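Asker: The C-terminal residue of the sequence shown carries number 208 in the working numbering, and the numbering is unbroken.
Using N, Cα and C, we set each Cβ at its ideal position, and we do this for glycine too.
Computed from a predicted structure; not experimentally measured.
Below you will find the structure I want to go over with you.
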Amino acid sequence: MTAYDPKTLPDDLHPSRFLKPTDLIERWKVQRITVTIARIEPEETIPNPSDIDPATKKPRVIMQPVLYFHTKTGSEFPRGYLLSAGVDIQSLKTATGAQTIGDVIGKTIVIQLGQHKRQTVLRISPEQVTQ
């Protein structure tokens, strides 16, 4: 049996599929982080487990876009940013000047902490990043 590294974050005991505020707050100890987009992929999500599909009797599954990023070493960070809020789509377009999905690949954006219904959430900054 392998012991846990004492530096393991408690959230890493049950890792999330997607980037979350604790990644910025606890992992990197920042309020905002600048990232370069590696890819964007549609992924199955269950936004509301109590929304039951009458045909399957299971929670309704929908496809949502997820942004993945390069790390400082050039590899891809394993958890993506779930692009589920309309405000983030608008911020992504403003920050990158993208007209198509393909235009966002390789672009640099800022992900920052924000608030939604008194909860800390992640948001894409609409500010363009100057290289």
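1. Could you compute how far the alpha carbon of E103 sits from the alpha carbon of K84?
2. With a threshold of 8 Å, are at least 3 pairs of Cβ atoms found where one atom belongs to the segment 132 to 145 and the other to the segment 112 to 123?
3. Let me confirm a value: A172 is counted as buried when at least 16 other C-beta atoms fall within 10 Å, else exposed. Which label applies?
4. Applying the 10 Å Cβ sphere with the 16-neighbour rule, what's the burial state of S168?
5. Contact defined as beta carbons within less than 8 Å: I believe R200 pairs with D165. What is the distance between those atoms, to the nearest angstrom?
6. Kindly indicate which three-state DSSP category E204 falls into: helix, strand or coil?
7. So G157 packs on L96, CB below 8 Å; how close in whole Å?
8. Strictly by DSSP, which residues pair up with P142?
9. When DSSP labels each residue in this structure, what does V198 get in the three-state scheme?
10. Which residue's Cα is closest to the Cα of Q205: P98, V187, H193?
11. If you measure between the beta carbons of D82 and T99, is that distance less than 7 Å?
12. Would V107 be called buried (16 or more neighbouring beta carbons within 10 Å of its own) or exposed?
13. Our contact map puts S161 next to Q141 with C-beta atoms below 8 Å; I'd like the distance itself, whole angstroms only.
Answerer: With the given structure in hand:
1. Going from the Cα of E103 to the Cα of K84 covers about 12 Å.
2. Flag = yes, the segment 132 to 145 and the segment 112 to 123 touch.
3. With a threshold of 16 other beta carbon atoms within 10 Å, A172 meets it and is buried.
4. Looking at its Cβ environment, which holds 16 or more other Cβ atoms inside 10 Å, S168 is buried.
5. Contact between R200 and D165 holds, with the beta-carbon distance rounding to 6 Å and staying under 8 Å.
6. E204 falls in the coil class under three-state DSSP.
7. That belief holds up - the Cβ atoms of G157 and L96 are roughly 6 Å apart, short of 8 Å.
8. P142 is bridged to P119.
9. Under the three-state reduction of DSSP, V198 is assigned to strand.
10. Measuring from the Cα of Q205, the nearest candidate turns out to be V187.
11. No, these two residues do not count as a Cβ contact at 7 Å.
12. Exposed.
13. About 5 Å; that satisfies the 8 Å criterion.
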